[in-house]
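Asker: Under numbering that gives the first Met the number 0, the first residue of the sequence shown is numbered 0, with each subsequent residue one higher.
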Amino acid sequence: MISIGIAIMAIISIIIIVGDNDSKQDISLQEEKPAKLRVVASFYPLYEFSKNVAGDKAEVSTFIPNGIEPHDWEPTTNDILNLKESDIFVYNGAGMEPFVDKLIDSGEYNNVKFVETTKGINLIQTNDEHQKEPDDHIVYNPHVWLDPILAKHQVMMIKDAMVDADPDKKGGYEDNANAYGDKLDELNSKIQTELSNCKKDTFMPFHDAYSYFANQYRLKTFPLSGISPESEVTATDLREFVDFIQKNEIKTIYSEEMVDPKLATTLAEEANAQVLIFSPLEGLTDKEMMDGSTYLDKMSENVQNLKIGLEC
Ligand SMILES: [Zn+2]
0 MISIGIAIMA IISIIIIVGD NDSKQDISLQ EEKPAKLRVV ASFYPLYEFS KNVAGDKAEV
60 STFIPNGIEP HDWEPTTNDI LNLKESDIFV YNGAGMEPFV DKLIDSGEYN NVKFVETTKG
120 INLIQTNDEH QKEPDDHIVY NPHVWLDPIL AKHQVMMIKD AMVDADPDKK GGYEDNANAY
180 GDKLDELNSK IQTELSNCKK DTFMPFHDAY SYFANQYRLK TFPLSGISPE SEVTATDLRE
240 FVDFIQKNEI KTIYSEEMVD PKLATTLAEE ANAQVLIFSP LEGLTDKEMM DGSTYLDKMS
300 ENVQNLKIGL EC
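1) Write down the C-beta distance between Glu107 and Ser41 rounded to the nearest angstrom, noting that I regard them as a contact closer than 8 Å.
2) Can you round the beta-carbon distance between Glu281 and Glu68 to whole angstroms, since I take them to be within the 8 Å contact cut?
3) Can Ala57 and Val39 be called in contact, C-beta distance under 8 Å?
4) Using 7 Å as the cut-off, classify the Cβ of Ser230 as near or not near the heavy atoms of ligand 1, replying yes or no.
5) Determine the extent of the alpha helix (DSSP H) in which Leu80 is found, giving its start and end residues.
6) Taking 8 Å as the threshold (C-beta atoms), are Phe240 and Leu266 in contact?
7) Considering only heavy atoms of ligand 1, does any lie closer than 7 Å to the CB of Glu281?
8) Give me whichever residues DSSP pairs with Glu58 in a beta bridge.
9) Skipping 5 residues on each side, what residues in its chain have a beta carbon closer than 6 Å to that of Asp146?
10) Ends of the alpha helix (DSSP H) at Ile244?
11) Terminal residues of the continuous alpha helix (DSSP H) containing Ser188?
12) At the level of alpha carbons, what is the spacing between Asp167 and Asp55?
13) Could you compute how far the alpha carbon of Trp72 sits from the alpha carbon of Ile63?
14) Less than 7 Å between the CB of Ser227 and some heavy atom of ligand 1, yes or no?
15) Give the secondary structure of Leu149 by DSSP, where H, G and I count as helix, E and B as strand, and everything else as coil.
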């Protein structure tokens with residue numbers, strides 16, 4: 000009996016030793032292959048820019064689900080908890096993601112690096128009467144990503160954050176960011192050329208998303224709605240919009256892929272104009288996602304539609 004007992008003890012010790020070795024092997028395997036940098040980008044253009052900087056060197060996901068209008072979107076408790084697993088959170092700032100300040104202030108996300116990509120950009124203050132804010136509250140227009148030059152600034156902010164968090168892959172992030180930056184420069188030159196000889200200088204979009212774009216190309220914009228597509232539109236706004244179309248013989252007004260086109264269509268009919276899309280790039284439709292549409296593709300489509308309205 001004693002010898003059986005000893006044998007059993009011996010077997011148990013062997014199992015323990017083998018088990019111990021196995022777990023050591025697992026740990027050493029994990030050490031050899033470190034996890035990639037985890038980057039979460041708040042909404043579509045930031046996701047697209049982050050993906051282009053990351054290439055295959057980091058994992059990028061989007062925080063605000065695609066297909067949802069990002070203005071005034073609020074995360075759920077679950078969304079916020081998942082964020083704890085990430086290394087970098089890329090956001091626009093300028094009031095586009097009001098939930099971010101609360102996350103930072105909570106102190107629960109100190110391991111996450113928050114990257115405000117509009118930092119360093121001269122923001123346009125809006126005197127948006129659609130916005131119900133107290134008089135002393137400054138509201139900025141957040142739509143910098145529609146200007147390719149400012150988009151490049153955002154790309155470089157993302158690159159700096161990735162290099163800082165993952166210095167071993169510095170060269171890769173820099174090459175990717177520079178290559179994408181060159182494409183944004185090309186887009187800028189293309190827009191300048193395409194819009195260099197137009198009869199009109201004012202376009203009429205659905206919401207006030209195009210101030211930076213208009214400034215870059217010396218254009219004017221007369222939006223129907225405020226800095227969010229859900230801003231309230233009054234009867235006076237509608238009348239002024241239609242009056243402007245008729246007075247300036249505007250033949251094309253613009254709607255967006257993520258809002259109901261009914262209002263724009265009704266106004267266009269009343270003013271004898273047509274409706275085209277000028278995308279604010281705040282998200283892609285499911286079909287566009289499936290087709291692999293990019294920021295650069297969509298901006299080129301925008302310019303083609305804009306040329307029709309500006310009569311270039
Ligand atoms: Zn917007």
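Glycine included, C-beta positions come from ideal geometry on N, C-alpha and C.
Answerer: Reading off the structure:
1) Not really, about 18 Å apart at Cβ, beyond 8 Å.
2) About 6 Å; that satisfies the 8 Å criterion.
3) No, Cβ-Cβ distance for Ala57 and Val39 is not below 8 Å.
4) Incorrect: Ser230 has no Cβ contact closer than 7 Å to ligand 1.
5) Element bounds for Leu80: 76 to 82.
6) Yes. Within cutoff.
7) Shortest gap from the CB of Glu281 to any heavy atom of ligand 1: under 7 Å.
8) DSSP output for Glu58 lists Arg37 as bridge partner(s).
9) So the qualifying residues of the chain are Tyr211, Phe212, Gln215.
10) Judged by DSSP secondary structure, Ile244 falls within the alpha helix (DSSP H) whose first and last residues are 234 to 246.
11) According to the DSSP assignment, Ser188 belongs to the alpha helix (DSSP H) that extends over 169 to 193.
12) Taking the straight line from one Cα to the other gives about 14 Å.
13) Note on geometry: alpha-carbon atoms of Trp72 and Ile63 lie some 8 Å from one another.
14) Inclusion of Ser227 in the 7 Å shell around ligand 1 follows from its C-beta lying nearer than that to a non-hydrogen atom of the ligand.
15) DSSP places Leu149 in helix when its eight states are reduced to three.
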